[in-house]
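Undergrad: Residue numbers (the working numbering): 19 to 157.
Let me give you the structure first, and then I'll get to my questions.
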């Protein structure tokens with residue numbers, strides 16, 4: 019029986035960047051241990067990539083858009099500037115209020131707009147169905 023290789027990414031705003039840095043380190047070790055000449059794309063290594071919140075955005079970038087970890091890091095840096103700025107959402111009082119009310123710690127509209135922007139940049143034809151017929155890995 020074949021094993022299933024799953025990458026699960028947690029959310030947490032800009033903390034998602036840390037997930038990418040850890041993944042980058044794992045892939046660097048994998049290259050060294052496997053004597054690989056170039057770093058593979060996560061979509062070529064994992065059968066399933068999933069995530070919650072911003073981890074879901076990373077899952078889409080790595081799994082559906084077939085981005086390298088470095089490409090994803092660059093896009094995520096831009097996402098951080100747009101979505102997770104240091105405005106009202108960074109004060110302790112606002113985080114407490116948002117936490118008690120069950121609200122998001124960042125503007126979901128900014129995140130959705132950024133996701134659409136990233137998809138339009140990396141998909142040649144955005145009118146195509148987002149679901150792949152024969153995906154390299156599932157998202």
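The beta-carbon is built from N, C-alpha and C at its ideal position, and this holds for glycine as well.
These figures come from a predicted structure and were not determined experimentally.
Give the C-beta separation of residue 157 and residue 34 to the nearest angstrom, bearing in mind that I take them to be a contact with Cβ-Cβ under 8 Å.
TA: Rounded to the nearest angstrom, the Cβ distance from residue 157 to residue 34 is 15 Å, too far for a contact under 8 Å.
Undergrad: Please list, in chain order, all residues of the same chain as residue 105 whose beta carbon is under 8 Å from its beta carbon, the five residues on each side excluded.
TA: Annotation note: pLDDT 49 at residue 105 (below 50); position unreliable, coordinate value reported separately. When the five nearest sequence neighbours on each side are left out, no beta carbon in the same chain lies closer than 8 Å to the beta carbon of residue 105.
Undergrad: Please report how far the alpha carbon of residue 32 lies from the alpha carbon of residue 76, in whole angstroms.
TA: 11 Å
Undergrad: DSSP on residue 52, reduced to helix/strand/coil?
TA: helix
Undergrad: Would you mind giving the Cβ-Cβ distance between residue 25 and residue 67, rounded to the nearest angstrom? I have them listed as a contact below 8 Å.
TA: 5 Å
Undergrad: Compute the Euclidean distance between the alpha carbons of residue 65 and residue 22, then round it to the nearest angstrom.
TA: 6 Å
Undergrad: Measuring straight from C-alpha to C-alpha, what distance separates residue 95 and residue 20?
TA: Rounded to whole angstroms, residue 95 to residue 20 spans 36 Å at the Cα level.
Undergrad: Whose CA, out of 152, 98 and 29, lies closest to the CA of residue 131?
TA: 98
Undergrad: Suppose you measure from the CA of residue 79 to the CA of residue 61; what does that come to, to the nearest Å?
TA: 10 Å
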